[in-house]
DNA sequence: GTCTATAGAGGGATAGAC
DNA sequence: GTCTATCCCTCTATAGAC
């Protein structure tokens, strides 16, 4: 897995650091955080566990960097304050599409969000905040898009929308061929009276 | 946590066995399977890890027994072939209600279902089969209850229904006071045109 | 039925050589 | 910047005493 592009004249230290985070991402994705050892990460990145600990002070630090690196990629698609309600929903559907092409990333969040429900988990506050922020962006979007029929409130719709995505990911990981996550999410939006993009966006096909 | 009732003249071996499974359930619920050790389970049950291994051949065996014990309790609410479509949905909503009173049980399934997406996990086939069976019972129920408007197919509705429940559990575990799982599930059913029980059933309140 | 003792593997983290 | 060596801890599982 090459998770991030490498600059042309990248210093060796930076390069190793990136390799370590790529390996940590892949292994945490497969087995969660607690089941993966520093030695596992090191072996995958082609060095010893002491080598890893030269770049990161401890195991937890690698997790934090894995998570924040992901956020740098997704944040503009969700957190941009200039995003209109329909654009935000479009972007979230687009992320579902992309997830279908990145099972390791889906597995990372499925495994970690479950582990992190434990308040003692190092990523607990990260996930607590992640859900809060996502909700804070979804609620006004749903408030704008939902016709006020007898459906759910924007707050409830936001929770349902997020829950649906999370739950679909588990079923999709268990049997990728049997689940069309995008269709399921789009169907839910349509049931709410929101018309989402009907076909996968072509400009995202080759990412 | 006393998870099962104890018969009056229960032999000591059976009693210890039950205590071990109660402890395993509670600890697996809190931290998942892989993060819990036999010594953790043993200490919680008041014996040594060798004592545990007298009653169960290995760690994995405790997990299998924890899972199958839960199924003995829930199966009649879901798998009874004499159940009508509306009754099945009612029972599933009732299970959501009960889950609100048993966070450790919710945590068990959230943690294990995430871990078990890994095909190498000892509970992988268990969860694969569990989702399949649940779907096989939900699809005909939705087929009977869904008016054939432009909504999801019974197959898709079943997946969405299960996904919604799973995803809500994560958000609920992260912030129990902020999430009303029952209301969210009932709202989803109503959006599909299905009228579920409007209030928590009184005969389940004191279980 | 439960214990102690032990084997054998693997974990996170540190010290210091190169 | 990466290594080896080491510390000290925890793990699953087995053997055998009581």
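Protein chains in written order, with the UniProt record's numbering: chain B, 1 to 207; chain Z, 1 to 207. The beta-carbon is built from N, C-alpha and C at its ideal position, and this holds for glycine as well. These numbers come from a predicted model, not from an experiment.
*Indicate whether at least one CB of chain Z lies closer than 9 Å to the CB of residue 35 of chain B.*
In the first chain, residue 35 of chain B corresponds to position 35, counting from 1. Chain Z, which has a Cβ nearer than 9 Å to the Cβ of residue 35 of chain B, makes this yes.
_Less than 9 Å between the beta carbons of residue 145 of chain Z and residue 193 of chain Z, yes or no?_
Stepping through the second chain from its first residue, residue 145 of chain Z is reached at position 145. Stepping through the second chain from its first residue, residue 193 of chain Z is reached at position 193. In this structure, residue 193 of chain Z lies closer than 9 Å to residue 145 of chain Z by Cβ.
*asked:* Determine whether the beta carbon atoms of residue 59 of chain B and residue 37 of chain B lie at a separation below 9 Å.
replied: Looking up residue 59 of chain B in the first chain gives position 59. Looking up residue 37 of chain B in the first chain gives position 37. Result yes, Cβ atoms of residue 59 of chain B and residue 37 of chain B sit closer than 9 Å.
*Identity of the residue in B/22, B/92, B/107 nearest residue 116 of chain Z by Cα*: Residue mapping note: residue 116 of chain Z aligns to position 116 of the second chain, counting from 1. Comparing Cα-Cα distances from residue 116 of chain Z to each of B/22, B/92, B/107, the minimum goes to B/107.
_Let me check understanding here. Comparing Cα to Cα, which of Z/68, Z/69, Z/66, Z/89 lies closest to residue 77 of chain Z?_
For the purposes of this step, residue 77 of chain Z is identified with residue 77 of the second chain, where counting begins at 1. Answer by Cα proximity: Z/89.
*Candidates Z/153, Z/26, Z/130, of which the one nearest residue 139 of chain Z by Cα*: Stepping through the second chain from its first residue, residue 139 of chain Z is reached at position 139. Closest by C-alpha distance to residue 139 of chain Z, out of Z/153, Z/26, Z/130, is Z/153.
*From residue 23 of chain Z to residue 85 of chain Z, what does the alpha carbon distance come to, in whole angstroms?*
Numbered from 1 along the second chain, position 23 holds the residue referred to as residue 23 of chain Z. Numbered from 1 along the second chain, position 85 holds the residue referred to as residue 85 of chain Z. Spanning the two alpha carbons is a distance of roughly 36 Å.
*Could you check what DSSP says for residue 177 of chain Z in three-state terms: helix, strand or coil?*
On the second chain, residue 177 of chain Z is found 177 positions in, with the first residue counted as 1. For residue 177 of chain Z, the secondary structure class from DSSP, reduced to helix, strand or coil, is helix.
_In this structure, how does DSSP classify residue 11 of chain B when only helix, strand and coil are distinguished?_
As a first step, residue 11 of chain B is located in the first chain; it is residue number 11 there, counting from the start. In the three-state reduction of the DSSP assignment, residue 11 of chain B falls in the coil class, being assigned neither a helical nor a strand state.
_Would residue 184 of chain Z and residue 159 of chain B qualify as a contact pair, given that the criterion is a beta-carbon distance under 9 Å?_
Taking the second chain and counting its residues from 1, the one referred to as residue 184 of chain Z is at position 184. Taking the first chain and counting its residues from 1, the one referred to as residue 159 of chain B is at position 159. Contact: yes.
*Give the interface partners of residue 97 of chain Z over in chain B, defined as CB-CB distance under 9 Å, in chain order.*
In the second chain, the residue the question calls residue 97 of chain Z occupies position 97. Correct list: empty, because the minimum Cβ distance to chain B is about 17 Å.
*asked:* At the level of alpha carbons, what is the spacing between residue 102 of chain B and residue 170 of chain B?
replied: Residue 102 of chain B sits at position 102 when you count from the first residue of the first chain. Residue 170 of chain B sits at position 170 when you count from the first residue of the first chain. Using only the alpha carbons, I get a separation of about 14 Å.
*Can you give, in chain order, each stretch of the alpha helix (DSSP H) that sits fully within the segment 139-189 of chain Z and has at least 4 residues?*
154-174
_Contact between the segment 53-70 of chain Z and the segment 117-124 of chain Z is defined here as three or more beta-carbon pairs at a separation below 8 Å; is this criterion met?_
yes
*Shortest alpha-carbon distance to residue 28 of chain B belongs to which of B/41, B/164, B/175?*
For the purposes of this step, residue 28 of chain B is taken as the residue at position 28 of the first chain. Residue 28 of chain B has its Cα closest to that of B/41, out of B/41, B/164, B/175.
_To be precise: take each residue of the segment 96-122 of chain B, compare its Cβ to all Cβ atoms of chain Z, and keep it if any distance is under 7 Å. Which residues remain?_
Contacts with chain Z (Cβ-Cβ distance below 7 Å) from the segment 96-122 of chain B involve 107, 110, 111, 113, 114, 115, 117, 118, listed in chain order.
*Taking the alpha carbon of residue 43 of chain B as the point to measure from, which residue in B/25, B/56, B/20, B/182 has its own alpha carbon closest?*
Here residue 43 of chain B corresponds to residue number 43 of the first chain, with the count starting at 1. Looking at B/25, B/56, B/20, B/182, the one whose alpha-carbon comes closest to that of residue 43 of chain B is B/20.
*State the Cα-Cα distance for the pair residue 143 of chain B and residue 105 of chain B, rounded to the nearest angstrom.*
For the purposes of this step, residue 143 of chain B is taken as the residue at position 143 of the first chain. For the purposes of this step, residue 105 of chain B is taken as the residue at position 105 of the first chain. Going from the Cα of residue 143 of chain B to the Cα of residue 105 of chain B covers about 30 Å.
*For residue 128 of chain B, which residues in chain Z fall below 8 Å Cβ to Cβ?*
Counting from 1 along the first chain, the entry for residue 128 of chain B is found at position 128. Within chain Z, the residues near residue 128 of chain B are 174, 175.
*Within 9 Å (strictly less), CB to CB, does residue 179 of chain B reach chain Z?*
Along the first chain, one-based indexing puts residue 179 of chain B at 179. Closer than 9 Å: yes.
_For a test of the three-state rule: what should DSSP assign to residue 129 of chain Z, helix, strand or coil?_
Position 129 of the second chain, counted from the start, is the residue given in the question as residue 129 of chain Z. Correct three-state label for residue 129 of chain Z: helix.
_Rounded Cβ spacing between residue 182 of chain Z and residue 96 of chain Z (contact assumed at less than 8 Å)_ = Position 182 of the second chain, counted from the first residue, corresponds to residue 182 of chain Z. Position 96 of the second chain, counted from the first residue, corresponds to residue 96 of chain Z. At roughly 5 Å, the Cβ-Cβ gap stays under 8 Å, so residue 182 of chain Z and residue 96 of chain Z are in contact.
*Between the UniProt domain "HTH tetR-type" (14-74) of chain Z and chain B, which residues of the former have CB atoms less than 9 Å from a CB of the latter, in chain order?*
The residues in question are 30, 31, 32, 34, 35.
*Inter-residue Cα distance where the pair is residue 118 of chain B and residue 73 of chain Z*: On the first chain, residue 118 of chain B is found 118 positions in, with the first residue counted as 1. On the second chain, residue 73 of chain Z is found 73 positions in, with the first residue counted as 1. Those two C-alpha atoms are separated by around 26 Å.
*So residue 175 of chain B and residue 167 of chain Z are in contact, right, with Cβ under 8 Å, and what is the actual spacing, rounded?*
Walking along the first chain from the start, residue 175 of chain B turns up at place 175. Walking along the second chain from the start, residue 167 of chain Z turns up at place 167. Their Cβ separation, rounded to whole angstroms, is 17 Å, which puts residue 175 of chain B and residue 167 of chain Z out of contact at 8 Å.
*What residues in its chain sit with their C-beta under 8 Å from that of residue 162 of chain Z, if we drop five residues either side in the sequence?*
Stepping through the second chain from its first residue, residue 162 of chain Z is reached at position 162. Answer for residue 162 of chain Z: 131, 134, 135, 138, listed in chain order.
*Indicate the three-state DSSP secondary structure (helix, strand or coil) for residue 99 of chain Z in the structure shown.*
Taking the second chain and counting its residues from 1, the one referred to as residue 99 of chain Z is at position 99. It is helical.
*Three-state class that DSSP yields for residue 5 of chain B in the structure shown*: Counted from its first residue, the first chain places residue 5 of chain B at position 5. In the structure shown, residue 5 of chain B sits in coil (DSSP, three-state: anything other than H, G, I, E or B).
*Alpha carbon to alpha carbon, what distance is there between residue 5 of chain B and residue 68 of chain Z?*
Here residue 68 of chain Z is taken as the residue at index 68 of the second chain, counted from 1. Here residue 5 of chain B is taken as the residue at index 5 of the first chain, counted from 1. Each residue's alpha carbon lies about 47 Å from the other.
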